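One structure is given here, and the rest of the page talks about it.
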Amino acid sequence: MKSACVFFVILTLSSGAKLPDYLTKCSKSDPKLSECILRSVKQAWPTIIKGDNSYHIAPLNPLKVTSLRLVLGDNRLVGTFYNGLFHGLENAKFKEIKWDLAKKRIDMKFLLPTLTMAGDYTVTGRIIGLPLEGNGTEKVTFENMDNTHRMEYETVKKDGKEYIEIKKTQMSYTTTRLWIDLRNLFNGNLILGKAMNEVLNENWSAVNKDINPYFGNAVGEVYSQVIQEFFNKVPINDMFSD
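Okay, structure coming up:
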């Protein structure tokens, strides 16, 4: 969804950059291309997470998120998370990365032992059949968040070089626990707010089912924005050894 965005600077594509030294170039003709890419990302992740100014990649620990909008089906709930931070990406465990060059599609599977979202929120609507309304600060934590993230792309030519432009993102996930803390619910009514937070946490599995897949796709858009920054900088042919 277009409204999910991060604060990164928009890049100028007048000159392409080479693949950074901490990423290993793989061969497009390698029958084990996906394994090579997975191995490269795993090895480079401790460096990537620190950020790289030369590639306009800000530090990802934590990841700053300007705005993430969540809209459940038929607008039964509309929420916005903003001025926020994602904590936990540094511990990502990449399990699979499949890059299909013919279909122009990248599929990633990765586990986050914990993902914590902390920031400001506004919400109005209904969740698990109950009214939910408020604005204030929030802290939401997912435990063992197992993600499947797909990006479909096209290539665009700029200054004689081809770059990847992500056109569609899908992300699904599972989690073994969801913790929710929403402050200032129901116009600051402390009794109703406390009761609602208790209900949401006691029924976390139902809540998670209610927000999925809408939430997964919204977070997937944030991740795709981060990845797009890198794709904006490095031409696709410079990512491979052949």
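If you read the sequence shown in my numbering, its first letter stands for residue 43, the second for the next number, and so on. Built from N, CA and C at the ideal position, the CB exists for glycine as well. Predicted model, so just to flag it, every value in this text is computed and none were measured.
Rounded to a whole number of angstroms, what is the C-alpha to C-alpha distance between residue i and residue j?
i    : j    : result
F228 : T108 : 24 angstroms
L153 : Y265 : 14 angstroms
D63  : L224 : 43 angstroms
L127 : K106 : 5 angstroms
V249 : Y215 : 14 angstroms
L131 : G258 : 15 angstroms
R147 : F273 : 14 angstroms
V241 : I208 : 39 angstroms
Using the three-state DSSP reduction, which class does residue i fall into: helix, strand or coil?
i    : result
S67  : It should be pointed out that residue 67 corresponds to Lys in this sequence rather than to Ser. Coil at K67, not helix or strand.
N177 : strand
K60  : coil
I170 : coil
G93  : coil
D284 : coil
D72  : coil
M103 : The amino acid at residue 103 is misidentified as Met; the sequence shows Asn. Coil.
V264 : helix
V120 : strand
V249 : helix
V276 : coil
May I ask which residues mark the beginning and end of the alpha helix (DSSP H) holding residue i?
i   : result
E77 : L75 to I90
Where do the N-terminal and C-terminal ends of the beta strand (DSSP E) with residue i fall, by residue?
i    : result
Y205 : K203 to T216
I222 : R219 to L224
If contacts are defined as beta-carbon pairs under 8 angstroms, then residue i and residue j qualify, I think. What distance do you get, rounded to the angstrom?
i    : j    : result
N177 : T164 : 4 angstroms
F123 : G161 : 6 angstroms
I16  : L114 : This structure leaves residue 16 out entirely; the chain is present only between 43 and 284.
I170 : N245 : 6 angstroms
Exercise. Could you pull out every unbroken alpha helix (DSSP H) segment of at least 4 residues lying fully inside the region 130-164, listed in chain order?
Key: none
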